[in-house]
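**Q**
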Amino acid sequence: MGTEYFSIRLKSLRKSKKLSQADLAKKVGKTTWAISSYEQGKSYPSIDVLIKLYSIFDVSSDYLIGISDDLHIKLGLSGLNDEETQLILQFVNLVEQNRRPDSTK
Numbered sequence: 310m311g312t313e314y315f316s317i318r319l320k321s322l323r324k325s326k327k328l329s330q331a332d333l334a335k336k337v338g339k340t341t342w343a344i345s346s347y348e349q350g351k352s353y354p355s356i357d358v359l360i361k362l363y364s365i366f367d368v369s370s371d372y373l374i375g376i377s378d379d380l381h382i383k384l385g386l387s388g389l390n391d392e393e394t395q396l397i398l399q400f401v402n403l404v405e406q407n408r409r410p411d412s413t414k
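Heads up: the sequence shown begins at 310 in our numbering, then just goes up one per residue.
(1) Less than 8 Å between the CB atoms is what I'm expecting for threonine 341 and glutamine 330, so what's the real figure, rounded?
(2) Whole-angstrom Cβ separation of lysine 336 and lysine 361, contact assumed at under 8 Å?
(3) Quick one: grab the DSSP three-state call for serine 449.
(4) If you drop the 5 nearest sequence neighbours on each side, which residues of the same chain put their C-beta closer than 6 Å to that of isoleucine 344?
(5) Would DSSP call methionine 310 helix, strand or coil?
(6) Going by the CB atoms, is the gap between isoleucine 356 and lysine 326 shorter than 9 Å?
(7) Suppose you measure from the CA of glutamate 405 to the CA of glycine 375; what does that come to, to the nearest Å?
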């Protein structure tokens, strides 16, 4: 599992929820320094913190740690048909690919 994927996704998910590092730190019982360190790829959280993160951001473990690019978006997709849902997921995957440090633009 690449920490670069985890750090990018953690920061992106935190910002999408409009949480500061301090807010997220309180939610998972860690310091702001720890959250900053996770987002910079300098350290990796324990399993118990990862489980809290999955719950806070409502994402799969595979997505957050970079095993899968399938971000399961529950809100806002319920009224869409299969084709529209696939278009949204393709767009999300394209955005993720452009954020990756190893992507070529």
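Every residue, glycine too, gets a C-beta built ideally from N, C-alpha and C.
**A** According to the structure data:
(1) Separation of the CB atoms of threonine 341 and glutamine 330 is rounded to 5 Å, and the pair is thereby assigned contact status at 8 Å.
(2) With a Cβ gap of about 7 Å, lysine 336 and lysine 361 count as contacting.
(3) The first residue shown for the chain is 310 and the last is 414, placing residue 449 beyond what the model contains.
(4) By the criterion of a C-beta distance shorter than 6 Å, isoleucine 344 is surrounded in its chain by Gln330, Leu333 and Ala334, once the five residues flanking it on both sides are discounted.
(5) For methionine 310, the predicted structure reports a pLDDT of 48, less than 50, and the residue's modelled location is therefore unreliable. A value from the coordinates is still provided. Three-state result, methionine 310: coil.
(6) No, they are not a contact pair.
(7) A straight line joining the alpha-carbon of glutamate 405 with that of glycine 375 spans about 11 Å.
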